[in-house]
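>
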Amino acid sequence: MHIDPADHVRKAIRSVPNWPKPGITFRDITPVLQDPRSFRVLIDLFVYRYMRQRLDLVAGVDARGFILGSVLAYELNLGFVPVRKKGKLPFDTVAEEYSLEYGNATVEMHTDSVRPGQRVLLIDDLIATGGTMVAASKLLQRLGANVVEAAAIIDLPYLGGSTALKETGLDIYTVCS
Ligand code: PRP
Ligand code: ADE
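With my numbering, you'll find the sequence shown wraps up at 1532, consecutive numbering, no jumps.
(1) Excluding five sequence neighbours on each side, which residues of the same chain lie with their C-beta closer than 6 Å to the C-beta of F1401?
(2) Quick one: is the Cβ of F1381 within less than 7 Å of any heavy atom of the ligand ADE?
(3) Should the region 1432-1447 be regarded as contacting the region 1386-1402, the criterion being three or more beta carbon pairs within less than 8 Å?
(4) Which of the three DSSP states is assigned to I1508 in this structure?
(5) Tell me whether R1439 is buried or exposed, calling it buried when 16 or more other Cβ atoms sit within 10 Å of its Cβ.
(6) Is it buried or exposed for A1418, if we count other Cβ within 10 angstroms and need 16 for buried?
(7) Terminal residues of the continuous alpha helix (DSSP H) containing K1521?
(8) Starting from S1370, trace the beta strand (DSSP E) both ways and give me its first and last residue.
(9) For the beta strand (DSSP E) holding K1440, just list the boundary residues, first then last.
(10) Within 10 angstroms of its Cβ, does G1499 collect 16 or more other Cβ (buried), or is it exposed?
(11) May I ask you to verify whether the region 1508-1516 touches the region 1461-1476, counting CB pairs closer than 8 Å and requiring at least 3?
(12) Mind checking Y1405: buried by the 16 CB within 10 Å criterion, or exposed?
(13) Within the same chain, show all residues whose beta-carbon is closer than 6 Å to that of R1365, passing over the 5 residues directly before and after it, in chain order.
(14) I'd like to check one pair, T1484 with L1455: are the Cβ atoms closer than 8 Å?
(15) Nearest to G1516 by alpha carbon, out of Y1453, V1462, R1369 and T1466?
(16) Among the candidates V1413, Y1457, E1430 and D1411, whose CA atom is the shortest distance from the CA of F1381?
(17) Which partner residues of H1465 appear in the DSSP bridge assignment?
(18) Taking 6 Å as the limit between beta carbons, can you name the residues of its chain near A1490, skipping five residues before and five after?
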C-alpha cells in the first residue's frame, strides 16, 4: 500500500501539551529523527525538491534546523552554514532580534558565511509566528544571499507565520501543518 510521504512524517510528529509553557502545544520532531524510515522519507522529500534548484548553500537555524540542514547539504553535495542563537559564533557576526511564540531571541551569522549572489536554502523544523525565519532571511539578505526558499517540516498556520513570511516576498515550503 502506498503511503503519502508527508503523511508518514506527519504521523511521526508528537504533540506535547503545555510545553515549554502552559497553553503551548509543542510539536516534537524527535520521533521522526529516531525512526530511520521516517527520517529518510523526510530528508528525501527535501532532496527531491531541491536537487535541481542550483543551490550553493544550505543555511540551518539553531537548533533543529542544524539536524535537517546538515544532512540535506551533505546529500545535495552543498556546504552548510549555521544561523545561531546569540553569543555562540566566534568570528565577526551580523545579528537580528525577533520575537517567538514564547519569548524573544537574537540570531547571528558569521559575516563571511555567504558570498553575495549565492543561492541559499533556509531550513528549520517549524514555522510558528515566522519570527525566526524572517530574522534568518534578513541576515542572509544583509550578506547578499539570494534566499531561494524557506523550508520547514511543520507550519502552524493559526499563528500566521507562513502568511507573514510570504508577505516579505519569501517562498515557503512545508511538509505538513
Ligand atoms: C523553535 C523552532 C523554530 C522557532 C519557530 O525554536 O525550532 O526555530 O521556534 O518559531 P517562530 O516561527 O515563532 O519564530 P526555538 O526558538 O524554540 O529554539 P530551540 O531550537 O533552541 O529550541
Ligand atoms: N516553536 C515555536 N512554537 C513551537 C511549537 N508549538 N512547537 C515546536 N516548536 C515551536
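Heads up, the beta-carbon is just placed ideally off N, CA and C, and yes, glycines get one too. Quantities reported herein were computed from a predicted structural model and do not represent experimental measurements.
With the given structure in hand:
(1) Position 46 of the sequence shown, counted from the start, is the residue given in the question as residue 1401. Excluding sequence neighbours, F1401 sits near L1427.
(2) Along the sequence shown, one-based indexing puts residue 1381 at 26. F1381: yes, Cβ under 7 Å from the ligand ADE.
(3) no
(4) On the sequence shown, residue 1508 is found 153 positions in, with the first residue counted as 1. Reduced to three states, the DSSP call for I1508 is strand.
(5) Position 84 of the sequence shown, counting from 1, holds the residue named residue 1439. With 16 or more Cβ atoms within 10 Å of its Cβ, R1439 is classed as buried.
(6) The residue given as residue 1418 occupies position 63 in the sequence shown. With fewer than 16 other Cβ atoms within 10 Å, it is exposed.
(7) Translated into the one-based positions of the sequence shown, residue 1521 becomes position 166. K1521 -> alpha helix (DSSP H) spans G1516 to E1522.
(8) Taking the sequence shown and counting its residues from 1, one reaches residue 1370 at position 15. Start and end: R1369 to P1372.
(9) Stepping through the sequence shown from its first residue, residue 1440 is reached at position 85. For K1440, the enclosing beta strand (DSSP E) stretches over residues G1434 to K1440.
(10) Against the sequence shown, residue 1499 aligns to sequence position 144. With fewer than 16 Cβ atoms within 10 Å of its Cβ, G1499 is classed as exposed.
(11) no
(12) Along the sequence shown, read from residue 1 onward, the residue named residue 1405 stands at position 50. Sixteen is the threshold: when 16 or more other Cβ atoms of the shown chains lie within 10 Å of the Cβ of Y1405, as they do, the residue is buried.
(13) The sequence position of residue 1365 within the sequence shown is 10, counting from 1. The answer, listed in chain order, is C1531.
(14) The residue given as residue 1455 occupies position 100 in the sequence shown. The residue given as residue 1484 occupies position 129 in the sequence shown. Contact flag set, yes.
(15) Taking the first residue of the sequence shown as position 1, residue 1516 is located at position 161. Measuring from the Cα of G1516, the nearest candidate turns out to be Y1453.
(16) Counting from one through the sequence shown, the residue named residue 1381 turns up at place 26. Answer by Cα proximity: Y1457.
(17) Reading the sequence shown from its first residue, position 110 is the one you call residue 1465. DSSP lists T1448 as partners of H1465.
(18) As a working note, residue 1490 is residue 135 in the sequence shown. Correct list, in chain order: E1451, Y1453 and V1462.
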